[in-house]
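Colleague: Can you read through this structure? Questions will come right after.
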Amino acid sequence: MNSEIRIVIADDYPVVRRGLRETIEEDGDLQVIAEASDGKTALEQIVNLQPHIAILDVRMPEMSGFEVVRKMREASLKVAVIFLTMYNDEATFRAAWDMNIEGFVSKESALTEIVASIKMVASGQSYISPSLLKYLRKRSTEAAKLTEQFPLLKKLTEREIEILRMIGEGMTSSQIGKAMGIHPRTVDNHRTNISQKLELHGTHALVKFAIEHKNDLP
0 MNSEIRIVIA
10 DDYPVVRRGL
20 RETIEEDGDL
30 QVIAEASDGK
40 TALEQIVNLQ
50 PHIAILDVRM
60 PEMSGFEVVR
70 KMREASLKVA
80 VIFLTMYNDE
90 ATFRAAWDMN
100 IEGFVSKESA
110 LTEIVASIKM
120 VASGQSYISP
130 SLLKYLRKRS
140 TEAAKLTEQF
150 PLLKKLTERE
160 IEILRMIGEG
170 MTSSQIGKAM
180 GIHPRTVDNH
190 RTNISQKLEL
200 HGTHALVKFA
210 IEHKNDLP
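Sequential numbering from 0 applies to the sequence shown in numbering that gives the first Met the number 0.
Here it is in structure tokens:
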């Protein structure tokens, strides 16, 4: 029993949690010790139960997956994290990558990949869904083409690129601030700086640019 990998699952959809739990517990080396339907409950369970791995949906009520991880880091918890993410959610992936998340599993293939991802992460390795990796490689090639077309993009910092992606996904300054753990006014300052660097003028110029090129950003 002591050799079992102890896991907490957090997702706001009961059917997702049930499917993951049933799949995981078919393997005798894995044990789901708790489930949560929101980020706040997930954090409480992680703090109290100290699992080996936390499987977190990125977007949850009360507290996002990003916020949960930040609180875990602040508390110096030695718990590995696997994010459940959408196939084409590159902005989320890159933001998570910057936080050194151990695993990224596409929701579309979670039931077939979750056991392998848990075992790889538990052994100290990283895991990225093959479908997500293929998508990111394709986007990387297209991003290089966009940078050639708009060389001013090279002036942006990594954080500014990340915010530009989120703007392209239709996120408000408040939503971006919550996802990144910064104040909305700080996001607004970044938006102003991005517009200046890209020489975009007009109320909606930045949003229009971000939406048009969201799939090709570096």
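For glycine and all other residues, C-beta sits at the position ideal for the given N, C-alpha and C.
Label A209 either buried or exposed according to how many other C-beta atoms from any shown protein chain fall within 10 Å of its C-beta, with 16 as the threshold for buried.
Modeller: With 16 or more other Cβ atoms within 10 Å, it is buried.
Colleague: Could you tell me which whole alpha helix (DSSP H) segments of length 4 or greater appear in the stretch 59 to 98?
Modeller: For the stretch 59 to 98, whole alpha helix (DSSP H) runs of length 4 or above, ordered along the chain, are 64 to 73 and 89 to 97.
Colleague: Would the stretch 51 to 70 count as touching the stretch 7 to 21 if we require 3 or more Cβ pairs under 8 Å?
Modeller: The stretch 51 to 70 vs the stretch 7 to 21: in contact.
Colleague: With distance defined between alpha-carbon atoms, name the residue in P183, G176, T171 and N192 nearest to E159.
Modeller: Checking every option, the nearest Cα to that of E159 belongs to N192.
Colleague: Can you tell which of E107, R17 and A79 has the C-alpha that lies nearest to the C-alpha of V46?
Modeller: With distances taken between Cα atoms, V46 lies closest to A79.
Colleague: Quick one: residues in its chain with C-beta nearer than 8 Å to the C-beta of H244, no 5 flanking neighbours on either side, listed in chain order?
Modeller: This structure leaves residue 244 out entirely; the chain is present only between 0 and 217.
Colleague: In three-state terms, what does DSSP make of G27?
Modeller: The answer is coil: DSSP assigns G27 none of H, G, I, E or B.
Colleague: How many angstroms separate the CA atom of D67 from the CA atom of W96?
Modeller: The sequence given here has Val at residue 67, not Asp. Cα to Cα, V67 sits roughly 15 Å from W96.
Colleague: Look up V114 in the DSSP assignment and say whether it is helix, strand or coil.
Modeller: Of the three classes helix, strand and coil, the one that applies to V114 here is helix, per DSSP.
Colleague: In angstroms, rounded to a whole number, what distance separates the CA positions of A74 and A178?
Modeller: Distance between the alpha carbons of A74 and A178 is about 19 Å.
Colleague: Whose CA, out of V104, L110 and A121, lies closest to the CA of M85?
Modeller: Looking at the Cα atoms, V104 is the closest of the given residues.
Colleague: Go to I160, then tell me how far its alpha helix (DSSP H) extends in each direction, as first and last residue.
Modeller: Here the alpha helix (DSSP H) through I160 covers E157 to G167.
Colleague: Assign H189 to buried or exposed, taking buried as 16 or more other Cβ atoms, counted over all protein chains shown, within 10 Å of its Cβ.
Modeller: Buried is the call here.
Colleague: I want to know whether the stretch 117 to 132 touches the stretch 163 to 175 - three or more CB-CB distances under 8 Å.
Modeller: The answer is no - the stretch 163 to 175 does not touch the stretch 117 to 132, with fewer than three Cβ pairs under 8 Å.
Colleague: Whole angstroms are fine: how far does the CA of I23 sit from the CA of P13?
Modeller: Cα to Cα, the separation comes out at about 15 Å.
Colleague: Under a CB-based cut-off of 9 Å, is A209 close to chain D?
Modeller: Annotation note: the requested chain D is absent from the structure, which comprises a single protein chain.
Colleague: Should I113 be listed as close to the ligand SAM, given that the test is whether its C-beta is under 8 Å from any heavy atom?
Modeller: Questions concerning the ligand SAM fall outside what the structure shown contains, since it holds no ligand whatsoever.
Colleague: Take the Cβ of R184 as the centre, count every other Cβ of all protein chains shown within 10 Å, and call the residue buried at 16 or more, exposed below.
Modeller: Flag for R184 reads exposed.
Colleague: Among the candidates V57, S63, G167 and S194, whose CA atom is the shortest distance from the CA of H212?
Modeller: Among V57, S63, G167 and S194, the Cα nearest to that of H212 belongs to G167.
Colleague: List the endpoints of the continuous beta strand (DSSP E) containing I54.
Modeller: Start and end: I52 to D56.
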